[in-house]
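With numbering that gives the first Met the number 0 applied, the sequence shown corresponds to residues 0 to 143, in that order.
Structure, as structure tokens:
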Amino acid sequence: MTIVNKLINKNMRVREIPKWGVYLRKEWENHFANHLTKEEKSAIHMHDFEVFCGYLWHLFSFGKRDCVEREYAIEAFHNEPKGECYVFYQHDEQAYLLENAGLLNYADLIEEESNDLYVVDKQFRWTFVITHETGWCGPYFSKK
């Protein structure tokens with residue numbers, strides 16, 4: 000079952016927003032990594048295309064922003080009120096806007112873990128990140 004079907008079956012309204020990946024990644028960076036300089040972002044390989052392939056979640060794995068990890072991140076995500084939120088990926092342009100997302104949980108997203116997946120509320124006040132290295136790095140949950 001696709002992620003869209005899973006979410007629709009939970010009475011969420013799912014709007015596919017193709018080609019929004021670049022925009023949402025930039026907004027995520029503007030809201031959660033705006034305290035870092037360009038050099039600091041480079042040092043943690045946020046935009047690296049050679050060694051580490053550039054991951055926004057390096058913000059957390061390098062300790063540059065407070066977060067909770069692993070089971071604590073999942074618990075925080077489950078406890079966070081969710082109305083509308085975006086779901087997007089590190090290396091894909093596909094994105095989704097979810098409405099009535101109160102029942103969204105980790106189990107709905109776990110099959111996507113081979114892709115780095117970001118969930119953020121529509122106002123970018125909190126984020127939940129599932130990495131392709133879950134168990135070693137992540138998942139992560141952080142609030143602004």
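For each residue, glycine too, the CB sits at the ideal point set by N, CA and C.
Residue i burial status per 10 Å Cβ neighbour count (16 or more: buried)
i	result
residue 51	The pLDDT assigned to residue 51 is 49, lower than 50, so where the model puts this residue is not dependable, and the model offers no usable value.
residue 57	buried
residue 24	buried
residue 27	buried
residue 107	buried
residue 38	exposed
residue 65	exposed
residue 86	buried
residue 109	exposed
Spatial neighbours of residue i in its chain, beta-carbon cut-off 8 Å, leaving aside the 5 residues before and after
i	result
residue 82	98, 99, 100, 101, 120, 121
residue 143	30, 31, 123, 124, 125
residue 7	13
residue 137	56, 59, 60, 68, 69, 72, 128, 129, 130
residue 103	6, 9, 11, 81, 84, 97, 118
First and last residue of the uninterrupted alpha helix (DSSP H) at residue i
i	result
residue 31	20 to 31
residue 129	That residue, residue 129, is in no alpha helix (DSSP H); its beta strand (DSSP E) goes 125 to 129.
residue 107	105 to 108
residue 78	69 to 78
residue 46	Here residue 46 belongs to no alpha helix (DSSP H), and DSSP marks it neither H nor E.
residue 40	37 to 42
Same chain only: Cβ atoms within 6 Å of residue i, ignoring 5 sequence neighbours per side
i	result
residue 18	92
residue 105	73
Residue i: CB within 7 Å of a non-hydrogen atom of the ligand ATP
i	result
residue 85	By its list of ligands, the structure shown contains no ligand whatsoever, and the ligand ATP lies outside what it can speak to.
Same chain, Cβ closer than 7 Å to residue i, neighbours up to 5 away in sequence not counted
i	result
residue 14	95, 96
residue 40	32, 46
residue 21	92
Strand pairing of residue i, partner residues [DSSP]
i	result
residue 96	14, 85
residue 5	Beta-bridge pairing links residue 5 to no other residue.
residue 120	84
residue 142	125
Cutoff 8 Å: residue i Cβ touching any chain D Cβ
i	result
residue 23	Judged by its chain identifiers, the structure shown contains no chain D, having just a single protein chain.
Distance between beta carbons of residue j and residue i, contact taken as under 8 Å
i	j	result
residue 114	residue 139	Not a contact, Cβ separation roughly 15 Å.
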